[in-house]
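My numbering numbers the first residue of the sequence shown as 44 and each following residue consecutively.
Where is the CB? At the ideal position from N, CA and C, for every residue including glycine.
Written out below as structure tokens is the structure these notes cover.
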Amino acid sequence: LLNQLNLFLLRQAAVRTLAARIPYQQTEVYRFGNAIVDDWEGKVNAWPLDEGLIDYVDKTYGVESEDNGLYTANIISNPSISINGQSVDAADITPALLSEQLHEAGGIESNVATGYHAIEFLLWGQDLNGGEAGAGSRPYTDYDVNNCSNGNCERRAEYLSAVSDLLVTDLEFMASAWLTDGAARLALSEMDENGALSAIMTGMGSLSYGELAGERMQLGLMLHDPEEEHDCFSDNTAASHYYDGLGVQNVYSGEYVRVDGTVVSGPGIKALLAEIDAELTTELTADISSSVRALDAVLQSQHNGKAYDQLIAEGDVEGNALVQTAIDALIKQTRGFERAIVAFGIEGISIEGSDSLDDPAAVFSN
Numbered sequence: 044l045l046n047q048l049n050l051f052l053l054r055q056a057a058v059r060t061l062a063a064r065i066p067y068q069q070t071e072v073y074r075f076g077n078a079i080v081d082d083w084e085g086k087v088n089a090w091p092l093d094e095g096l097i098d099y100v101d102k103t104y105g106v107e108s109e110d111n112g113l114y115t116a117n118i119i120s121n122p123s124i125s126i127n128g129q130s131v132d133a134a135d136i137t138p139a140l141l142s143e144q145l146h147e148a149g150g151i152e153s154n155v156a157t158g159y160h161a162i163e164f165l166l167w168g169q170d171l172n173g174g175e176a177g178a179g180s181r182p183y184t185d186y187d188v189n190n191c192s193n194g195n196c197e198r199r200a201e202y203l204s205a206v207s208d209l210l211v212t213d214l215e216f217m218a219s220a221w222l223t224d225g226a227a228r229l230a231l232s233e234m235d236e237n238g239a240l241s242a243i244m245t246g247m248g249s250l251s252y253g254e255l256a257g258e259r260m261q262l263g264l265m266l267h268d269p270e271e272e273h274d275c276f277s278d279n280t281a282a283s284h285y286y287d288g289l290g291v292q293n294v295y296s297g298e299y300v301r302v303d304g305t306v307v308s309g310p311g312i313k314a315l316l317a318e319i320d321a322e323l324t325t326e327l328t329a330d331i332s333s334s335v336r337a338l339d340a341v342l343q344s345q346h347n348g349k350a351y352d353q354l355i356a357e358g359d360v361e362g363n364a365l366v367q368t369a370i371d372a373l374i375k376q377t378r379g380f381e382r383a384i385v386a387f388g389i390e391g392i393s394i395e396g397s398d399s400l401d402d403p404a405a406v407f408s409n
């Protein structure tokens, strides 16, 4: 099928990829408080990536990087490459090759060979529009062996097939880890009450503050850099941010809407906090609702044709303000989480930070 990909099928693959991001992003709230999730996350959601490792790139990308010897390795074009002086046989593009030899090759985090963003690049291609309208526009003929554009169509299809299979395997691994006898479930259930609460509050606070408000939003806004956009090839960043925020609300409220529209619910942090401090519960509930609304406003801009990379562009006063409002709302809810941690009597929690929030001058000195 991949070797016969047409425009319709390529667009269908793109639509399904975006749909798959919706439930995944809502799980990121579990990342920072659970070591098994944090250790695994880089396999499926690592970013940003030096896409020249995978495939052809525009000349504006450049030909070399002093930090990455595989910056333009182009595994799709080259059946053999050298990593740290060792020859690697890449004649057959397999999940094992991607996960065991190419992903983070040479210890370089931007050598992202697996996961959602590698798939995103293979479906959309580079977004060469900067802060202007438009996402990546890879031609379907990049997969048409009978009318192949940009060469290596069969190997490109092999890569897309292998990386997609690997993503499914990695997601199945994590799903099984949360079953009754799974490693993640057991690790959490074996904790005492304070340990379990620490994991939950660390997850909500760190995603809200250091990761989402900081690394994924404030940093890109400060730099006005579209390359700091989380889903930079597809221009789906606003959706990813919104569903991250919704994931935090899910854990707080104890309610999740499944893909089929049914609802699973139970006691959340809100119910527990209400037993201790009703006033704080009211304030924190309002703050979380405000952050979700602010993230939704950014998402609605995307739906209305103005993507996230345009909103953070230099000189877009209204767009910058829209993003900053969401950042500020996330920071405010994190302060509420910190108060809740005190109310619960938990000690030793460390919420992830970001230079973009904690030491902005350091961003420009690096």
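Checklist line | First and last residue of the uninterrupted beta strand (DSSP E) at Q129 | finding: Residue range Q129 to D132 is occupied by the beta strand (DSSP E) that includes Q129.
Next item on the list: In angstroms with no decimal places, state the Cα-to-Cα distance between N193 and D101.
Entry: When rounded, the distance between both Cα atoms is 11 Å.
Next item on the list: Could you tell me if P310 is buried or exposed, where buried requires 16 or more neighbouring beta carbons within 10 angstroms of its beta carbon?
Entry: By the neighbour-count rule (16 or more Cβ atoms within 10 Å), P310 is not buried but exposed.
Margin query: Among the candidates S204, D235 and A340, whose CA atom is the shortest distance from the CA of Y286?
Written below: The shortest C-alpha separation from Y286 is found at A340.
Note to self: Using the Cβ count rule (16 or more neighbours within 10 Å means buried), how would you classify Q69?
What the structure shows: Within 10 angstroms of the beta-carbon of Q69 lie 16 or more other beta-carbons, which makes it buried.
Notebook entry, point to check: Could one say the Cβ of G311 lies closer than 8 Å to chain B's Cβ atoms, at least one of them?
Noted result: The structure shown contains no chain B; it is built from a single protein chain.
Next item on the list: Examine the Cβ distances between the stretch 84-102 and the stretch 226-238 and report whether three or more of them are shorter than 8 Å.
Entry: Taking a cut-off of 8 Å on C-beta distances, the stretch 84-102 does not touch the stretch 226-238, as fewer than three cross pairs fall below it.
Note to self: Report the CB separation of G246 from V106 in whole angstroms; it is logged as a contact under 8 Å.
What the structure shows: With 8 Å as the limit, G246 and V106 do not qualify as a contact, their Cβ atoms being about 41 Å apart.
Note to self: Threshold first: 3 residues or longer. Then list the beta strand (DSSP E) segments lying entirely within the stretch 83-154, N to C.
What the structure shows: Under the rule that a run must span 3 or more residues, the beta strand (DSSP E) segments found entirely inside the stretch 83-154 read 123-126 and 129-132.
Check: How should I36 be labelled, buried or exposed, when 16 other C-beta atoms within 10 angstroms of its C-beta is the threshold for buried?
Finding: With the chain covering 44 to 409 only, the question about residue 36 has no answer from this structure.
Notebook entry, point to check: Would A156 pass as a contact of L166 if the rule is Cβ separation under 8 Å?
Noted result: Not a contact, by the Cβ cut-off of 8 Å.
Next item on the list: Go ahead and pull the three-state DSSP assignment for D303.
Entry: DSSP places D303 in the coil class of the three-state scheme, outside both helix and strand.
Notebook entry, point to check: When the distance is taken between beta carbons, is L61 closer than 8 Å to S204?
Noted result: Their beta carbons are not under 8 Å apart, which means S204 does not touch L61 by this criterion.
Check: So, helix, strand or coil for D287, using DSSP?
Finding: Note: D287 maps to helix in three-state DSSP.
Notebook entry, point to check: How about F380 and S180: are their beta carbons less than 8 Å apart?
Noted result: Not a contact, by the Cβ cut-off of 8 Å.
Note to self: Considering Cα atoms alone, identify which of A57, G225, P66 and N49 is closest to G304.
What the structure shows: That would be P66, whose Cα lies nearest to the Cα of G304.
Next item on the list: Find the nearest neighbour of L209 within the set H160, A329, A226 and E271, judged by alpha-carbon distance.
Entry: With distances taken between Cα atoms, L209 lies closest to H160.
Check: Taking contact to mean at least 3 C-beta pairs separated by less than 8 Å, is the stretch 171-187 in contact with the stretch 129-137?
Finding: Taking one beta carbon from each stretch, the stretch 171-187 and the stretch 129-137 have fewer than 3 pairs nearer than 8 Å; the two do not touch.
Check: Would you say Y202 and I119 are within 8 Å of each other, going by their C-beta atoms?
Finding: Their beta carbons are under 8 Å apart, which means Y202 touches I119 by this criterion.
Check: What residue does the alpha helix (DSSP H) around Q24 start on, and which one ends it?
Finding: For residue 24 there is no data in the structure shown, the boundaries of the chain being 44 and 409.
Item checked: Rounded straight-line distance, which links the Cα of E318 to that of S408 -> The straight-line gap from Cα to Cα measures roughly 46 Å.
Item checked: Three-state secondary structure (DSSP) of D224 -> D224 falls in the coil class under three-state DSSP.
Next item on the list: Using 10 angstroms around the beta-carbon of R59, count the other beta-carbons present and answer buried if the total reaches 16, otherwise exposed.
Entry: Per the 10 Å Cβ criterion, exposed.
Check: Going by beta carbon distance, what residues of the same chain come within less than 6 Å of R74, once the five residues before and after it are set aside?
Finding: For R74, same chain residues with a beta-carbon under 6 Å away, outside a window of 5 residues either side, are V80, D81 and E84 in chain order.
Note to self: Applying the 10 Å Cβ sphere with the 16-neighbour rule, what's the burial state of N279?
What the structure shows: It counts as buried.
Next item on the list: Would you mind sorting A329 into buried or exposed? The rule is 16 or more other CB atoms within 10 Å of its CB.
Entry: That one is exposed.
Margin query: Could you tell me the alpha carbon to alpha carbon distance between N190 and D98, rounded to whole angstroms?
Written below: Between N190 and D98, the C-alpha separation is close to 18 Å.
Check: S219 by DSSP, collapsed to three states: which one?
Finding: Helix at S219.
Check: For E271, which beta-bridge partners are listed by DSSP?
Finding: Partner(s): none; E271 has no beta bridge.
Next item on the list: May I have the straight-line CA-CA distance separating A220 from L52, to the nearest angstrom?
Entry: If you take the alpha carbons of A220 and L52, they lie about 33 Å apart.
Check: Using the C-alpha atoms, what's the distance from G253 back to G396?
Finding: Straight-line Cα distance between these residues: approximately 4 Å.
Margin query: Rounding to the nearest angstrom, what Cα-Cα distance links T325 and H346 in this structure?
Written below: Near 31 Å, if we compare the C-alpha coordinates of H346 and T325.
Next item on the list: Answer yes or no: do A386 and L316 have a C-beta to C-beta separation smaller than 8 Å?
Entry: Annotated as proximal: A386 and L316, with beta-carbon spacing under 8 Å.
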